[in-house]
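**Q** Sequences listed follow chains Y and C, in order.
Residues in the first sequence are numbered consecutively from 1, following the working numbering.
Residues in the second sequence are numbered consecutively from 341, following the working numbering.
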Amino acid sequence: MKIRLDSVIKTFETFRAVHGVSLEIESGELVALLGPSGSGKTTILRMVAGLEYADEGHIYFGDQDATDIPVRERGVGFVFQHYALFPHMTVAENIGFGMKVSKVKRDKAEIAARVADLLRLVRLEGLGDRFPGQISGGQRQRVALARALAVDPKVLLLDEPFGALDANVRHDLRRWLREIHQELGITTIFVTHDQEEALDLADRVVILKEGKIVQQGTPQEVCRDPKDAFVMKFLGDANRLTGEVRAGIAHVGGAQVAAAGVPDGPVDIFARPRDLDWSTHGPGVAATVERVLDRPGERRVIATVSTGETLEFDVEPEQAVEKGEAGFVTLRRAKVFSLG
Amino acid sequence: MSTARRKPPRVGDNPLFRRLLIGIVLLLGALLILAPLIVIGVEAFRQGWKVYVATLANADTQHAIMLTVITALIAVPLNTIFGVAAAWAMTKFDFRGKRLLLIVTEIPFSVSPIVAGVAYLFVYGLQGIFGPMLDAYDVKILFALPGIVLASMFVTAPFVARELIPLMQAQGRDLEEAATSLGASGWRTFFSVTLPNVKWAMLYGVVLCNARVMGEFGAVSIVSGNIRGQTNTLPLHIELLYHDYQAAGAFASASILAVIAVFTIIAKVALEGRGAGRRVKPATILVTPETRP
Chain Y
1 MKIRLDSVIK
11 TFETFRAVHG
21 VSLEIESGEL
31 VALLGPSGSG
41 KTTILRMVAG
51 LEYADEGHIY
61 FGDQDATDIP
71 VRERGVGFVF
81 QHYALFPHMT
91 VAENIGFGMK
101 VSKVKRDKAE
111 IAARVADLLR
121 LVRLEGLGDR
131 FPGQISGGQR
141 QRVALARALA
151 VDPKVLLLDE
161 PFGALDANVR
171 HDLRRWLREI
181 HQELGITTIF
191 VTHDQEEALD
201 LADRVVILKE
211 GKIVQQGTPQ
221 EVCRDPKDAF
231 VMKFLGDANR
241 LTGEVRAGIA
251 HVGGAQVAAA
261 GVPDGPVDIF
271 ARPRDLDWST
281 HGPGVAATVE
291 RVLDRPGERR
301 VIATVSTGET
311 LEFDVEPEQA
321 VEKGEAGFVT
331 LRRAKVFSLG
Chain C
341 MSTARRKPPR
351 VGDNPLFRRL
361 LIGIVLLLGA
371 LLILAPLIVI
381 GVEAFRQGWK
391 VYVATLANAD
401 TQHAIMLTVI
411 TALIAVPLNT
421 IFGVAAAWAM
431 TKFDFRGKRL
441 LLIVTEIPFS
451 VSPIVAGVAY
461 LFVYGLQGIF
471 GPMLDAYDVK
481 ILFALPGIVL
491 ASMFVTAPFV
501 ARELIPLMQA
511 QGRDLEEAAT
521 SLGASGWRTF
531 FSVTLPNVKW
541 AMLYGVVLCN
551 ARVMGEFGAV
561 SIVSGNIRGQ
571 TNTLPLHIEL
581 LYHDYQAAGA
591 FASASILAVI
601 AVFTIIAKVA
611 LEGRGAGRRV
621 KPATILVTPE
631 TRP
């Protein structure tokens, strides 16, 4: 089902959570709403679900205006951040709940068969008789998903689906959710504040800030061509330097980097830690090493530039770098945003 | 060197202090609570079983017991409905004056029951606001069952709501939202999702509410008019018997209230074992702080 939001506005008391958001989600697409807390991403998701009503604007499901359809009749599957499993029902009862209360009457055997299918789909065979309090967080998450899928929703909505889980469980579930999506082909929107999660999982990422869409596109588009400093910084660690562009080249200290299409004048230069190189001789931006952080796959150096800015960059694990060492930083590639 | 190390004393761990404190509490408990209860039992049976049974078989006593039971049968369910509705409204909806409503429902706890009785007298009495109108239609509220029920309800209004509000607040709205998004109607959501998760707390409130309704004296004594065999509830009847120098009867009747109290405590402890009456979030509701990068 294709979902379309047309200049949707939502205000809570005096706080405007969503400022005129327009968005199209193609049928079968897996889209991430990504943003920091307070960016309105959860509010948008809840409006699509019908758990909140839009103050202005319209939400379309296919050609149908769904703006005023109550949540009960909207036909969405919603997975809550803390799962909201019914604690007094078994896993199987939780999954079967939607079918039991449905206007479409099903007999018990039919519901049981479907519950068994869903348990298989979420790989929880044999756990149907447990209560939510007796299973792990990752398992609860999968029960919540099975319960949402049981009602054959037109669209699947997930609020911070992995927010309450351990890092390694999160990683497995991410891949697994992607597989389920591939298998079922259901239009899916999920909300996250974790950029890695959004980029790993989604076909398309919608980046939000203060209730507005800042940028949307495939993970490749938003990563390779961030529209502004906010997107650049939000998507991952970024070093910021101020410099100047002359004839398509940005100059900062003794270093230079390509800045095609940026007009001459003062600029902000953003570079990822991997895009900086360290050497003991110039040219480059003169800096002093403050700390060296050793991590399993990399060696991260924190250095201070003479102008006071702090840079973070990665060096090869074998490279000898010590605290207090002086040297030069050069930029392999960077994003340059004009300050003019 | 001796290997036995002296443990550093914890705060308040001085044996003398500890024994003294425990001793004082036990003594006061025995004198203030246990002794009177024993006296009730002993006095009730002082003249033997036969007198005890005969006293309870007395028509006025029987009527007082009946009236108390009827009052509880009306007031407790109504207050349960009120309590559930108030708790639902206050925890699942946002509206103006929510805090005010919370404070209002707590008023009966802070107001002396006598004040409630007098207030009802002023509202429904013959000289009161609605008195003449009610009289014109021949509706009797005061000095009759409706007045007794109303006064009892006023006094016990907060009991169920108070138990439910903290619990339902901790549970949030997620469960109801989940049920609705799965297609459940409002009633269905309430009966298959909300109620099962608060039933022990609700019962706990009901038990306390019932004990208070049956034992209420102050408010009821004002509005009932104390008519023997007509508007006397058990507590009022006990007072009447006592003033009539019928000690055996007074103690026998009091023993019934004491038995109700014992059953209330047993029910209360059993329900607390089920998790009711605690001011903590149930373990099944997982609220982990969000991790922001």
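Glycine residues also receive a C-beta, built at the ideal position from the N, C-alpha and C atoms.
Assign E630 (chain C) to buried or exposed, taking buried as 16 or more other Cβ atoms, counted over all protein chains shown, within 10 Å of its Cβ.
**A** In the second sequence, the residue the question calls residue 630 (chain C) occupies position 290. Low per-residue confidence applies at E630 (chain C): pLDDT is 36, beneath 50, and the placement is therefore not dependable, though the value from the model is reported in the following sentence. With fewer than 16 Cβ atoms within 10 Å of its Cβ, E630 (chain C) is classed as exposed.
**Q** Say whether chain Y places a C-beta atom closer than 8 Å to the C-beta of A623 (chain C).
**A** In the second sequence, residue 623 (chain C) corresponds to position 283, counting from 1. Low confidence applies here, because A623 (chain C) scores a pLDDT of 42, under 50, leaving its location unreliable; read the following figure in that light. True, the Cβ-Cβ gap to chain Y drops below 8 Å.
**Q** Assign N94 (chain Y) to buried or exposed, taking buried as 16 or more other Cβ atoms, counted over all protein chains shown, within 10 Å of its Cβ.
**A** Numbered from its first residue, the first sequence carries residue 94 (chain Y) at position 94. With 16 or more Cβ atoms within 10 Å of its Cβ, N94 (chain Y) is classed as buried.
**Q** What separation, rounded to the nearest whole angstrom, lies between the Cα atoms of L145 (chain Y) and P575 (chain C)?
**A** If you number the first sequence from 1, residue 145 (chain Y) lands on position 145. If you number the second sequence from 1, residue 575 (chain C) lands on position 235. Using only the alpha carbons, I get a separation of about 57 Å.
**Q** Give the secondary structure of T304 (chain Y) by DSSP, where H, G and I count as helix, E and B as strand, and everything else as coil.
**A** The sequence position of residue 304 (chain Y) within the first sequence is 304, counting from 1. The answer is strand: DSSP assigns T304 (chain Y) an E or B state.
**Q** Could you name the residues of the same chain whose beta carbon sits closer than 8 Å to that of V305 (chain Y), not counting the 5 residues immediately before and after it, in chain order?
**A** Numbered from its first residue, the first sequence carries residue 305 (chain Y) at position 305. Answer for V305 (chain Y): L241, G253, V285, A286, A287, L311, V329, listed in chain order.
**Q** Using a Cβ-Cβ distance under 8 Å, would A524 (chain C) count as near chain Y?
**A** Counting from 1 along the second sequence, the entry for residue 524 (chain C) is found at position 184. Yes, A524 (chain C) counts as interfacial toward chain Y.
**Q** Using only the alpha-carbon positions, how far apart do A150 (chain Y) and I562 (chain C) sit?
**A** The sequence position of residue 150 (chain Y) within the first sequence is 150, counting from 1. The sequence position of residue 562 (chain C) within the second sequence is 222, counting from 1. The straight-line gap from Cα to Cα measures roughly 59 Å.
**Q** Listing by chain order, which chain Y residues have their CB less than 8 Å from the CB of T431 (chain C)?
**A** Mapped onto the second sequence, residue 431 (chain C) falls at position 91. Within 8 Å Cβ-Cβ: nothing; T431 (chain C) doesn't reach chain Y, min ~15 Å.
**Q** Please decide whether V506 (chain C) counts as near chain Y, where near means a Cβ-Cβ distance under 8 Å.
**A** Here residue 506 (chain C) refers to the residue found at position 166 when the second sequence is read from its first residue. It should be pointed out that residue 506 (chain C) corresponds to Pro in this sequence rather than to Val. Not one chain Y Cβ lies under 8 Å of P506 (chain C).
**Q** Provide the residue(s) that pair with T188 (chain Y) in DSSP beta bridges, ordered along the chain.
**A** Here residue 188 (chain Y) refers to the residue found at position 188 of the first sequence. Looking at the DSSP assignment, T188 (chain Y) forms a beta bridge with Y:L30, Y:L156.
**Q** At a CB-CB cut-off below 8 Å, which residues of chain Y make contact with R528 (chain C)?
**A** Locating residue 528 (chain C) in the second sequence gives position 188, where the first residue counts as 1. Those are V101, listed as they occur along chain Y.
**Q** Suppose the cutoff is 7 Å on Cβ atoms and the five residues either side in sequence are ignored; what does the same chain contact list for Q387 (chain C) look like?
**A** Within the second sequence, the letter at position 47 stands for residue 387 (chain C). Taken in chain order, the residues that qualify are A588.
**Q** If I follow the unbroken beta strand (DSSP E) through R240 (chain Y), where does it start and stop?
**A** Within the first sequence, numbered from 1, the residue matching residue 240 (chain Y) stands at position 240. Unbroken beta strand (DSSP E) run through R240 (chain Y): 239–246.
**Q** By DSSP, does G77 (chain Y) sit in helix, in strand, or in coil?
**A** In the first sequence, the residue the question calls residue 77 (chain Y) occupies position 77. Of the three classes helix, strand and coil, the one that applies to G77 (chain Y) here is strand, per DSSP.
**Q** Please identify, using Cβ separations under 7 Å, the residues of the segment 86–101 of chain Y that lie next to chain C, in order along the chain.
**A** So the list reads F86, P87, H88, F97, G98, V101, given in the order they occur along the chain.
**Q** What does DSSP give as the partner residue(s) for Y60 (chain Y) in the beta ladder?
**A** If you number the first sequence from 1, residue 60 (chain Y) lands on position 60. Per DSSP, Y:R4, Y:D65.
**Q** Would you say the beta carbon of A590 (chain C) comes nearer than 7 Å to a heavy atom of the ligand PLP?
**A** The ligand PLP is not part of the structure shown, which contains no ligands of any sort.
**Q** Count Cβ pairs between the segment 420–431 of chain C and the segment 492–512 of chain C that sit closer than 8 Å; are there 3 or more?
**A** The segment 420–431 of chain C is in contact with the segment 492–512 of chain C.
**Q** Along the segment 492–506 of chain C, where does the CB come closer than 7 Å to a CB of chain Y? Name the residues.
**A** Against chain Y - using a Cβ distance shorter than 7 Å - the segment 492–506 of chain C contributes no residues.
**Q** Just how far apart, CA to CA, sit L45 (chain Y) and E24 (chain Y)?
**A** By 1-based counting over the first sequence, the position of residue 45 (chain Y) is 45. By 1-based counting over the first sequence, the position of residue 24 (chain Y) is 24. If I take the Cα positions, the gap works out to 13 Å.
**Q** Which bits of chain C does V169 (chain Y) rub up against, with CB to CB less than 7 Å?
**A** Position 169 of the first sequence, counted from the first residue, corresponds to residue 169 (chain Y). None at all; the shortest Cβ gap to chain C is about 13 Å.
**Q** For the segment 70–84 of chain Y against the segment 5–23 of chain Y, do three or more pairs of beta-carbon atoms, one drawn from each stretch, fall closer than 8 Å, so that the two count as touching?
**A** Touching, no.
**Q** For S136 (chain Y), name the three-state secondary structure that DSSP assigns.
**A** The count along the first sequence starts at 1 and reaches residue 136 (chain Y) at position 136. S136 (chain Y): coil per DSSP, three-state reduction.
**Q** Measure how close the beta-carbons of A202 (chain Y) and A66 (chain Y) come, nearest whole angstrom, since I'm counting them as under 8 Å.
**A** Position 202 of the first sequence, counting from 1, holds the residue named residue 202 (chain Y). Position 66 of the first sequence, counting from 1, holds the residue named residue 66 (chain Y). Not really, about 22 Å apart at Cβ, beyond 8 Å.
**Q** So V245 (chain Y) and V267 (chain Y) are supposed to be a Cβ contact under 8 Å. How far apart are they, rounded?
**A** In the first sequence, counting from the first residue as 1, residue 245 (chain Y) sits at position 245. In the first sequence, counting from the first residue as 1, residue 267 (chain Y) sits at position 267. Indeed, because the Cβ distance is near 5 Å, the residues count as touching under 8 Å.
**Q** Should V538 (chain C) be flagged as near chain Y, meaning a C-beta pair shorter than 8 Å?
**A** In the second sequence, residue 538 (chain C) corresponds to position 198, counting from 1. Chain Y contact via Cβ: absent.
**Q** What are the residues of the segment 63–75 of chain Y that lie near chain C, defined by any Cβ-Cβ distance shorter than 9 Å?
**A** So the close ones are P70, V71, R72, E73, R74, G75.
**Q** Using C-beta distances below 7 Å, list every residue in its chain close to V315 (chain Y), excluding the 5 sequence neighbours before and after it, in chain order.
**A** To locate residue 315 (chain Y), count along the first sequence from 1; it is residue 315. Once the five neighbours on either side are set aside, the close Cβ partners of V315 (chain Y) are W278, R299, V301, V321.
**Q** Do we get a CB-CB distance below 8 Å when we pair R614 (chain C) with the residues of chain Y?
**A** Numbered from its first residue, the second sequence carries residue 614 (chain C) at position 274. With 8 Å as the cut-off, R614 (chain C) does not count as an interface residue toward chain Y.
**Q** Under 7 Å between beta-carbons, which chain Y residues line up against L515 (chain C)? List them in chain order, please.
**A** Locating residue 515 (chain C) in the second sequence gives position 175, counting from the first residue. Under the 7 Å cutoff, chain Y gives A84, F86.
**Q** Quick check: what's the CA-CA separation for Y464 (chain C) versus D400 (chain C)?
**A** The residue you call residue 464 (chain C) lines up with position 124 of the second sequence. The residue you call residue 400 (chain C) lines up with position 60 of the second sequence. Cα to Cα, the separation comes out at about 27 Å.
**Q** Closer than 8 Å, CB to CB, is H518 (chain C) near chain Y or not?
**A** Numbered from 1 along the second sequence, position 178 holds the residue referred to as residue 518 (chain C). Here residue 518 (chain C) turns out to be Ala, not His, going by the sequence shown. Closer than 8 Å to some Cβ of chain Y, the Cβ of A518 (chain C) qualifies, so yes.
**Q** Applying a beta-carbon distance threshold of less than 9 Å, which residues of chain C neighbour R147 (chain Y)?
**A** Stepping through the first sequence from its first residue, residue 147 (chain Y) is reached at position 147. What R147 (chain Y) touches in chain C: A518, L522.
**Q** With three or more beta-carbon pairs closer than 8 Å as the criterion, would you say the segment 223–230 of chain Y touches the segment 52–59 of chain Y?
**A** The segment 223–230 of chain Y, when compared against the segment 52–59 of chain Y, does not touch it at the 8 Å Cβ threshold.
**Q** How would you label I378 (chain C), buried or exposed, when you count the other beta carbons within 10 angstroms and need 16 or more for buried?
**A** In the second sequence, residue 378 (chain C) corresponds to position 38, counting from 1. I378 (chain C) should be labelled exposed.
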